[in-house]
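Engineer:
2 protein chains.
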Amino acid sequence: MVHAEASTFANGQTKAQVYEQVLEQAEALFEDQRNWVCNLSNASSLIYHALKSLPPPSSSVNWCGFYVLDPDPKKPSGLILGPFQGHVACQTIPFARGVCGTAASTQKTQLVLDVDAFPGHIACDSNSKSEIVVPIVKDGVCVAIIDIDCAELGGFDGEDAVALERMAGLLARSCNF
Amino acid sequence: MVHAEASTFANGQTKAQVYEQVLEQAEALFEDQRNWVCNLSNASSLIYHALKSLPPPSSSVNWCGFYVLDPDPKKPSGLILGPFQGHVACQTIPFARGVCGTAASTQKTQLVLDVDAFPGHIACDSNSKSEIVVPIVKDGVCVAIIDIDCAELGGFDGEDAVALERMAGLLARSCNF
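These protein sequence lines map, in sequence, to chains A and B. Heads up, the first sequence is in the UniProt record's numbering, so the first residue is 1 and it goes up one at a time. Heads up, the second sequence is in the UniProt record's numbering, so the first residue is 1 and it goes up one at a time.
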């Protein structure tokens, strides 16, 4: 199997079809592999290329990746950058700050149509206009978050939220964090 | 500081200038951060966007990332996928196989002008035509490799090898693997 094909998405598919392919491919990739770094690396690629294959605003995705619980004992309530697709990003984020911190501390998906209107938003990239952040919760603990930015306002909707929450559940079950 | 700017490279620079920017930005990013997942994630983005900003063949880079020592005790001589930019990739690679395995086992940079001519080459992506793999060696142990693929033959030269070996040295010094 040539693995790159897993993240090649045909044009002209609906968002629902593309997310189904993401979830199927992810499930197959994770079947014999529980290493979280490996699985989050491939997952960020799958989701990024899926969104890029769709019409705007989805195709304007400009960052797609993960933050995980910071293992540094000096930062017990902090997130640290994990695998991603896109430009260089902020390395650490306190639970108390921004869209990512809010998703981690409340364990609730944050669907933000306009990041500039979100109190305390952390701008890693001034091109990002909207954002979705989905917590990955395992045994009651938020172990990581899925974070996706879009260069257009209103880049994400309820369909993204539902599909990414399924992905978060799959990652929680499939990885040793 | 908007971090995305660290991986924005002006057009019209030489390869030497672009790699200098990569190494300067990497050094600044790693100054207060020794987490290897975080640092390899940002490093893959820096190197990928640097090569994309150059004329062909460098701009035909189609995968840029890392494999690290597999912590699975059942795979004592194996590499596992780390952070990367590009399409979904092979999850595990034995030390004995392919360009990555050769770089890890010999601890020597592998500059491959035509991957199809390399014995035992592992094709994660049939679009990849040439490859460079640079070992990251810490205290005599190969802890990870930098792996970059190009969709053109002869995508890399001695200048890439020298600069990426400096990056490998910086990562070895800057990260707790």
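Even glycine gets a Cβ: it sits at the ideal position worked out from N, Cα and C. Keep in mind the model is a prediction, meaning the values are calculated, not measured.
Output needed for A:Pro-71: all residues of its chain with C-beta closer than 8 Å, excluding positions within five of it in sequence on either side, in chain order.
Structural biologist: Numbered from 1 along the first sequence, position 71 holds the residue referred to as residue 71 of chain A. So the list reads Ile-80, once near-sequence residues are dropped.
Engineer: Taking 8 Å as the cut-off, does the segment 40-58 of chain A touch the segment 9-23 of chain B (at least 3 CB pairs, one atom from each stretch)?
Structural biologist: No, the segment 9-23 of chain B does not touch the segment 40-58 of chain A.
Engineer: Hey, is A:Ser-7's beta-carbon within less than 9 Å of any beta-carbon in chain B?
Structural biologist: As a first step, residue 7 of chain A is located in the first sequence; it is residue number 7 there, counting from the start. Chain B, which has a Cβ nearer than 9 Å to the Cβ of A:Ser-7, makes this yes.
Engineer: Can you check the segment 45-75 of chain B for any beta strand (DSSP E) of at least 3 residues that lies completely inside it and give the ranges in chain order?
Structural biologist: List check, beta strand (DSSP E) in window: 61-69.
Engineer: Would you mind reading off the limits of the alpha helix (DSSP H) that contains A:Ser-174?
Structural biologist: Taking the first residue of the first sequence as 1, we reach residue 174 of chain A at position 174. Counting along the chain, the alpha helix (DSSP H) containing A:Ser-174 begins and ends at 158-174.
Engineer: Measure the C-alpha to C-alpha separation of A:Glu-152 and A:His-121 and round it to an integer number of angstroms.
Structural biologist: Position 152 of the first sequence, counting from 1, holds the residue named residue 152 of chain A. Position 121 of the first sequence, counting from 1, holds the residue named residue 121 of chain A. Approximately 16 Å, taken between the alpha carbons.
Engineer: Please report the residue range of the beta strand (DSSP E) in which residue 207 of chain B lies.
Structural biologist: Residue coverage of chain B in this structure runs from 1 to 177, which leaves residue 207 of chain B outside it and unanswerable.
Engineer: With a 10 Å radius around its C-beta and 16 neighbouring C-beta atoms as the bar for buried, classify A:Gln-107 as buried or exposed.
Structural biologist: Numbered from 1 along the first sequence, position 107 holds the residue referred to as residue 107 of chain A. Its Cβ having fewer than 16 others within 10 Å, A:Gln-107 is exposed.
Engineer: Tell me the residue span of the beta strand (DSSP E) that contains B:Lys-15.
Structural biologist: Here residue 15 of chain B is taken as the residue at index 15 of the second sequence, counted from 1. Segment 15-30 is the alpha helix (DSSP H) holding B:Lys-15; no beta strand (DSSP E) there.
Engineer: A:Pro-56: buried (16+ other C-beta within 10 angstroms of its C-beta) or exposed?
Structural biologist: The residue you call residue 56 of chain A lines up with position 56 of the first sequence. That one is exposed.
Engineer: B:Leu-23 and B:His-3: beta carbons closer than 9 Å?
Structural biologist: Locating residue 23 of chain B in the second sequence gives position 23, where the first residue counts as 1. Locating residue 3 of chain B in the second sequence gives position 3, where the first residue counts as 1. In this structure, B:His-3 does not lie closer than 9 Å to B:Leu-23 by Cβ.
Engineer: Using only CA atoms, which one of B:Ser-41, B:Ser-126 and B:Asp-157 lies nearest to B:Ser-58?
Structural biologist: As a position in the second sequence, residue 58 of chain B is number 58, starting the count at 1. Among B:Ser-41, B:Ser-126 and B:Asp-157, the Cα nearest to that of B:Ser-58 is on B:Asp-157.
Engineer: So, does the CB of A:Asp-114 fall closer than 9 Å to a CB anywhere in chain B?
Structural biologist: Position 114 of the first sequence, counted from the first residue, corresponds to residue 114 of chain A. So no, A:Asp-114 is outside the interface.
Engineer: With 9 Å set as the bound, which would you pick, yes or no: does the beta-carbon of B:Thr-92 sit closer than that to a beta-carbon of chain A?
Structural biologist: Here residue 92 of chain B refers to the residue found at position 92 when the second sequence is read from its first residue. For B:Thr-92, the answer is yes, since a Cβ of chain A falls inside 9 Å of its Cβ.
Engineer: What separation, rounded to the nearest whole angstrom, lies between the Cα atoms of A:Ser-128 and A:Glu-27?
Structural biologist: In the first sequence, the residue the question calls residue 128 of chain A occupies position 128. In the first sequence, the residue the question calls residue 27 of chain A occupies position 27. If you take the alpha carbons of A:Ser-128 and A:Glu-27, they lie about 29 Å apart.
Engineer: Does the beta-carbon distance from B:Ala-16 to B:Ala-161 come in below 9 Å?
Structural biologist: Against the second sequence, residue 16 of chain B aligns to sequence position 16. Against the second sequence, residue 161 of chain B aligns to sequence position 161. No. Outside cutoff.
Engineer: Alpha carbon to alpha carbon, what distance is there between A:Ser-77 and B:Cys-90?
Structural biologist: Taking the first residue of the second sequence as position 1, residue 90 of chain B is located at position 90. Taking the first residue of the first sequence as position 1, residue 77 of chain A is located at position 77. Rounded to whole angstroms, B:Cys-90 to A:Ser-77 spans 33 Å at the Cα level.
Engineer: Would you give the residue range spanned by the beta strand (DSSP E) that A:Ala-144 belongs to?
Structural biologist: Looking up residue 144 of chain A in the first sequence gives position 144. Counting along the chain, the beta strand (DSSP E) containing A:Ala-144 begins and ends at 141-150.
Engineer: Would you kindly work out how many angstroms separate the C-alpha atoms of B:Asp-116 and B:Ala-6, rounded to a whole number?
Structural biologist: The residue given as residue 116 of chain B occupies position 116 in the second sequence. The residue given as residue 6 of chain B occupies position 6 in the second sequence. Rounded to whole angstroms, B:Asp-116 to B:Ala-6 spans 35 Å at the Cα level.
Engineer: If you run the structure through DSSP and keep just helix, strand and coil, what is A:Val-99?
Structural biologist: Counting from one through the first sequence, the residue named residue 99 of chain A turns up at place 99. If DSSP states are grouped into helix, strand and coil, A:Val-99 belongs with the helices.
Engineer: Can you list, in chain order, the residues of its chain whose CB lies under 8 Å from that of B:Phe-95, leaving out five sequence neighbours each side?
Structural biologist: Translated into positions along the second sequence, residue 95 of chain B becomes position 95. Hits under 8 Å: Ser-77, Gly-78, Leu-79, Gly-101, Ala-104 and Ser-105.
Engineer: Quick check on DSSP: helix, strand or coil for B:Thr-106?
Structural biologist: As a working mapping, residue 106 of chain B is identified with position 106 in the second sequence. Reduced to three states, the DSSP call for B:Thr-106 is helix.
Engineer: Under DSSP, the beta strand (DSSP E) around A:Lys-138 begins and ends at which residues?
Structural biologist: As a working note, residue 138 of chain A is residue 138 in the first sequence. 130-138 is the span of the beta strand (DSSP E), which, as asked, contains A:Lys-138.
Engineer: So A:Gln-33 contacts chain B; which residues on that side make the cut at Cβ distance below 7 Å?
Structural biologist: The count along the first sequence starts at 1 and reaches residue 33 of chain A at position 33. Neighbours of A:Gln-33 on chain B, chain order: Gln-91.
Engineer: Note down the Cα distance separating B:Ser-130 from A:Pro-73, rounded to an integer number of angstroms.
Structural biologist: For the purposes of this step, residue 130 of chain B is identified with residue 130 of the second sequence, where counting begins at 1. For the purposes of this step, residue 73 of chain A is identified with residue 73 of the first sequence, where counting begins at 1. Taking the straight line joining both Cα atoms gives about 42 Å.
Engineer: Going along chain A in order, which residues have a C-beta closer than 8 Å to the C-beta of B:His-121?
Structural biologist: In the second sequence, residue 121 of chain B corresponds to position 121, counting from 1. Correct list: empty, because the minimum Cβ distance to chain A is about 12 Å.
Engineer: With distances taken between CB atoms, is the gap from A:Tyr-19 to A:Ile-145 smaller than 9 Å?
Structural biologist: Stepping through the first sequence from its first residue, residue 19 of chain A is reached at position 19. Stepping through the first sequence from its first residue, residue 145 of chain A is reached at position 145. No, Cβ-Cβ distance for A:Tyr-19 and A:Ile-145 is not below 9 Å.
Engineer: Tell me whether A:Ser-44 is buried or exposed, calling it buried when 16 or more other Cβ atoms sit within 10 Å of its Cβ.
Structural biologist: Position 44 of the first sequence, counting from 1, holds the residue named residue 44 of chain A. Buried: at least 16 other Cβ atoms inside 10 Å.
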